[in-house]
Ligand SMILES: Nc1ncnc2c1ncn2[C@@H]1O[C@H](COP(=O)(O)OP(=O)(O)OP(=O)(O)O)[C@@H](O)[C@H]1O
Ligand SMILES: Nc1ncnc2c1ncn2[C@@H]1O[C@H](COP(=O)(O)OP(=O)(O)OP(=O)(O)O)[C@@H](O)[C@H]1O
Ligand SMILES: [Mg+2]
Ligand SMILES: [Mg+2]
């Protein structure tokens, strides 16, 4: 390889955005979709609607960041929706029924979300139950906890300071979008610039080689699932604030949306490779698609069909392209 | 004559009663659970209640038979619940709106179920989309189809001949139980006594070895997913008959129950080993647990927690035991 | 190391082996496949634990319970099998697991990682950006990355287990220069290779293994290659003589101009009935890929395959089997076995059709066939239902052979048929090959063991870097000729 | 004060209750009505949550039959599938009462519910008559797979027929839950900038719609009429938010009536086949008296 190539190589690859063919494909799809929608609906490109897309995507995207870590490591987390519900009702009840201040309530909620994730990690790394089953168990249990805790009543009506997190704007940018940008930045940074991030990739590539290389597998798994719980908790705070209500039945099937975003973004379900940037694109495609279909008043039942086809199409094209190389 | 031999053979050896330690563990759990429940509730052991357990378990178990094939082959099928809904509304509409006779309607329904499964198989074997994503797509699409087809209205009220399938009894044995027994027998026979059954195990053990051993991977995968669709369709007919109604929103999260039964029964999610007999035990444990919690009037929210814990406990004990060997 | 022993299920990999290494020395390990070289090395590097014996390191008796411990004690290893993370870049691979655990917040020092990696890559003369993903590298490049990784530990002992098996001559020479440098800085080196010329060039001492036992340790200068070879092979390869088949009854298989990009080009050869055709070549010469392509396991770019003088098109192994071609794959575990299944199912899975009616298997007949095969192949197993993963390698290999023979092949291709198999089993497998040849089956044997090739072949084709460099018959078949072709020298025949 | 039902050997009367869901405030209130009234009458209740799964409900009813409960009270997952379960329970001699949603074959012994169609009409009449809004663009948020919701929407649209100046801008599935409704309303507001009215057919969707309207700062421009009262909605009506009125059912009253009438039923008292529980429109004027 020539020197020039070397330098180019170094330059292009050191940026985490790593614009490989796959990502370019996704960006093109996203743009094509957007152009189509802006032709079909005059409202699509309005600033306010872009804010809508951002707000609506943020909840899925923040969860999907944690899910990206999980999937890169070769695992899966089905429990995010239920964990989200637990955090939602706990934060709501602390503020509303126990009179705690906003900050402490959120803090406790985030700690609880991370703790539930930690338990996932413990079950997976210590008892060695496969992630699918471990988090399936947690999915059921956490949902039960959310209902038992609230006796199925939503807990609503918070101070405007709290609802600002989900509904407010700073310099015209909706707060959920700002939080999402921070979460994405953290997600990218930790995955690409820290030791643990490096170990997550190693673990997902080959658990046995990772062990030979001296990586602490247990610690890494604990981190991954705790992080996923943490991100889910952040998302839960935003949902709770947006709805102005802590809801025990929120989050059902959120895991599927998150997984879809991650996989659309080019992260392989068999682990070892993937990127947060891809997940951002994946979540945006899903978000734009949902928004667009609402704008166009597509029947909700038909929306299901379109959504399924888009997932198959995107992943299918990707698979075919990969096989050709 | 060789037929006779075959039959004898089936009886003597290949019957799954291959009672390894794992199965014995499951049988003991099932019995312990039953004894506990019969002490706690005087109604548990009554014939009628046993019939209830059978009827209630049948729907999950029949799907779980197909799911066992899928999981042994190293795959997963998330779309069973949605496929069930499509078959349910198609059968209902053929009888009710198009005036077809029962037999033809059921036949068409079963063909459609198998066809949806075949599509899963085609996507997985030809486009090589991982089963999780392929069937996730199908899950969304088929649900959409069920809603679009019926415009979300349930279709109800069939002839008593049809409802006999789900509600009737022959010699005091509920018809769904009889159908389930036949399905289990077929499931065991095909898996243990046919070429394709052997190939399924081979595929699940090592796809590359299987290919080099001359196994037609594509054909095998097509069979597996079609078979899963077929079993789901049978289950759909029973549900439709039991409810006397074709319902577009039935079957949500059935895939999780089926997977739980299969995994509880000792079939490994990583493929290559497992048995229908284990799945029967797994489904029965779930069925007995649900029935028992109803009888004991455990709070519905708390039931979720118990169910999650039981899954974790059963799989966890298994994993720990396996690691010790 | 004193009196080291190690037993695996069915194999005595090492028996009472003594071994020592001095600082600044290159100590070569020699021996046939399965002699126990890698096992010894893996005990030293903490991957395996010894059964018996004593391990003294820097004057102290020591025991490593993990590779990590060995590495921290200053022993670094290039394993025979590559262990890189395919989807990660070179720099991250080199520093995986020791990115600098003490840094605050655990932030990666990327600058250091890539700068240092660049340095190590330079040392192995690999001029590639450390940001390149490993999956985009060729096998040789991957091997060089493994070597760069091994030297990056600043170890006192470095072990190379067949580091040049997939390197070109130039790349190998670079490695030798590097080894010379390491030696000068006082590092002790254990070097395993099957290539005599290398050993003669770089080693100070040689230890020869045979069947898990140490034969001798000698100074390289005081011994000739011929003497070493004698020690390695040792025993007379007293195999049953193959009966010469009078008339080989004409041609069975002919391939013309087979090519596959980046793997092999213009491969043409033929195979007669009852003939055993050896395929020799260095590891990576492309023999396996040729055979896989003929078998339909990989796609061909161009070329023709003829069976019984008829052109055939084979798209997958299923069709190959139907046409009478059967392959015994080289990677037993990865491509041959069904580890969770029993001996019986492993044997019969390809030929269930023969005992089936309407796709329903007559399980009794099937068991009988499995039982007969087990007897015929002399597989040592308690019952035919025994899970195959519990059998020794040789017995596993016999099961796969049994499976292939049940398919009644016309052409049987063995790829490394005796890899990791003990001596007794080896000669049984040779015996079987001869029997099959006598029945008129055409056999191709791909092997990296020269003695094996020489012992069984009627004719030998030699490959080098994806091309056929020569063909040897009858009395032309000798070590010198084969080695010459193997390294790419083309002679007049 | 009534010991009328005493007849079993153990002296305790047991009812089995199956809900289509207990993950919804409306039914939780109904459950409260059932529990508190049952306590008064010394009746034991076994609860089951079908979580919208038809066969789960069927299983629960079968299990109640096994336990020989004195009556089964059920909120059907929907009116179509329930008939076979009711027939099967009745064949074992157990009376069945349906709550909120009836069986389409009318096989139950007693049906206690509020009239959804009427409720929809009342909501529309409040909009057009009380508020006097007779023109504008309306977004109707529905969920057609749910029969009672469909009846509400049908009733509402029936009244709108007389007001051609009220144009249905869009008629969309609200996703049933608050978060989905919020998202959908945000998008609908986007594609219909001149929206004036929203009719939402259940309480959670009403709250979701409100949050979207608030976020879009259109609280002054849009009138929301909802169906079903919840604590959250009561707060909003009191506050004078965009939710001007909702048709309120009284789930607690349904629960209370269910226990009382079921006791009458097993004592073989004569009862009509259907008992209607009042629905009424609740707005800022009468909200305090309703919630107390
Ligand atoms: N993990 C294992 N389990 C069982 N048997 C093993 C294992 N590893 C090695 N063996 C066996 O031990 C013997 C010695 O193997 P080893 O890998 O040390 O040979 P080697 O001299 O390195 O051969 P090669 O030249 O092929 O690398 C062989 O018979 C092999 O099959
Ligand atoms: N897994 C792989 N990935 C990429 N390249 C490979 C791989 N395996 C082999 N190759 C390359 O393909 C070429 C031929 O390898 P092949 O395995 O066919 O050689 P061989 O002569 O059979 O050697 P061996 O003794 O290792 O079987 C070599 O250049 C090698 O580097
Ligand atoms: Mg070796
Ligand atoms: Mg090879």
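Protein chains in written order, with this note's numbering: chain H, 10 to 334; chain R, 10 to 334; chain D, 187 to 679; chain Y, 3 to 294.
Built from N, CA and C at the ideal position, the CB exists for glycine as well.
For clarity, every value in this text was computed on a predicted model and none was experimentally measured.
- In this chain, the beta strand (DSSP E) harbouring residue 377 (chain D) covers 374 to 378.
- Per DSSP, the beta-bridge partners of residue 645 (chain D) are D:463 and D:659.
- In summary, the residues of the stretch 519 to 538 of chain D whose CB is separated from some CB of chain R by less than 7 angstroms are 520, 521, 522, 523, 524, 525, 526, 527, 531, 535, 536 and 538, in the order they occur in the chain.
- Residue 458 (chain D) carries a strand assignment under DSSP once its states are collapsed to helix, strand and coil.
- Here residue 346 (chain D) is bridged, per DSSP, to D:264 and D:377.
- Interface criterion met: the Cβ of residue 139 (chain H) is under 8 angstroms from a Cβ in chain R.
- When 9 angstroms is used as the limit between beta carbons, residue 286 (chain H) is near no residue of chain D, the shortest such separation being about 16 angstroms.
- Residue burial annotation: residue 356 (chain D) is exposed, with fewer than 16 other C-beta atoms found within 10 angstroms of its C-beta.
- Assigned with DSSP and collapsed to three states, residue 108 (chain Y) falls in coil, not helix or strand.
- By the neighbour-count criterion, in which a residue is buried when 16 or more other Cβ atoms sit within 10 angstroms of its Cβ, residue 20 (chain Y) is buried.
- Approximately 5 angstroms separates the beta-carbon atoms of residue 105 (chain H) and residue 164 (chain H); this is inside 8 angstroms, confirming the contact.
- Residue 185 (chain H) carries a helical assignment under DSSP once its states are collapsed to helix, strand and coil.
- Scanning its chain for C-beta atoms nearer than 8 angstroms, with the 5 sequence neighbours on each side dropped, one finds around residue 256 (chain Y) the residues 32, 35, 101, 102, 114, 115, 116 and 279, in chain order.
- Using a Cβ-Cβ cut-off of 8 angstroms, residue 144 (chain R) does not count as an interface residue toward chain H, since no Cβ of chain H sits closer than that to its own.
- At least one C-beta of chain R is nearer than 8 angstroms to the C-beta of residue 82 (chain Y).
- The Cβ of residue 158 (chain H) sits no closer than 8 angstroms to any Cβ of chain Y.
- For the stretch 493 to 515 of chain D, the set of positions with a beta-carbon nearer than 7 angstroms to some beta-carbon of chain R reads 503, 504, 507, 513 and 515 in chain order.
- Shown here for residue 312 (chain D): same chain residues with a beta carbon closer than 8 angstroms to its own, the five before and five after excluded, namely 327, 330, 331 and 334 in chain order.
- Within the stretch 64 to 98 of chain Y, 64, 65, 66, 67, 68, 69, 70, 79, 80, 81, 82, 83, 84, 85, 86, 87, 89, 90 and 94 place their CB atoms closer than 9 angstroms to a CB of chain R, listed in sequence order.
- One alpha carbon belongs to residue 43 (chain H), the other to residue 297 (chain H), and they sit about 7 angstroms apart.
- Listed along chain D, no residue sits closer than 7 angstroms to residue 62 (chain R) by beta-carbon distance, the nearest being about 32 angstroms off.
- Look at residue 172 (chain R) here: in three-state DSSP terms it is helix.
- Counted as a single uninterrupted DSSP element, the beta strand (DSSP E) harbouring residue 439 (chain D) occupies residues 437 to 446.
- Around the C-beta of residue 175 (chain Y), 16 or more other C-beta atoms lie within 10 Å, and the residue is accordingly described as buried.
- Around the C-beta of residue 454 (chain D), fewer than 16 other C-beta atoms lie within 10 Å, and the residue is accordingly described as exposed.
- Burial check for residue 508 (chain D): the Cβ neighbour count within 10 Å stays below 16, so the residue is exposed.
- By the Cβ-count criterion, residue 172 (chain H) is buried, with 16 or more other Cβ atoms from all chains shown falling within 10 Å of its own Cβ.
- Counting of Cβ neighbours within 10 angstroms places residue 124 (chain Y) among the buried residues, the total reaching 16 or more.
- For residue 169 (chain Y), no alpha helix (DSSP H) encloses it; the enclosing beta strand (DSSP E) starts and ends at 168 to 175.
- Per DSSP, reduced to three states, the secondary structure at residue 279 (chain Y) is coil, with no helix or strand assignment.
- The Cβ-Cβ distance between residue 130 (chain R) and residue 235 (chain R) falls below 8 angstroms.
- Under the criterion of beta carbons closer than 8 angstroms, residue 365 (chain D) and residue 375 (chain D) qualify as touching, at roughly 6 angstroms.
- Under the three-state reduction of DSSP output, residue 271 (chain D) falls in the coil class, being neither helix nor strand.
- DSSP, read as helix, strand or coil, puts residue 255 (chain H) in strand.
- Less than 8 angstroms separates the beta-carbon of residue 278 (chain R) from that of residue 80 (chain R).
- DSSP places residue 158 (chain R) in the uninterrupted alpha helix (DSSP H) bounded by 140 to 159.
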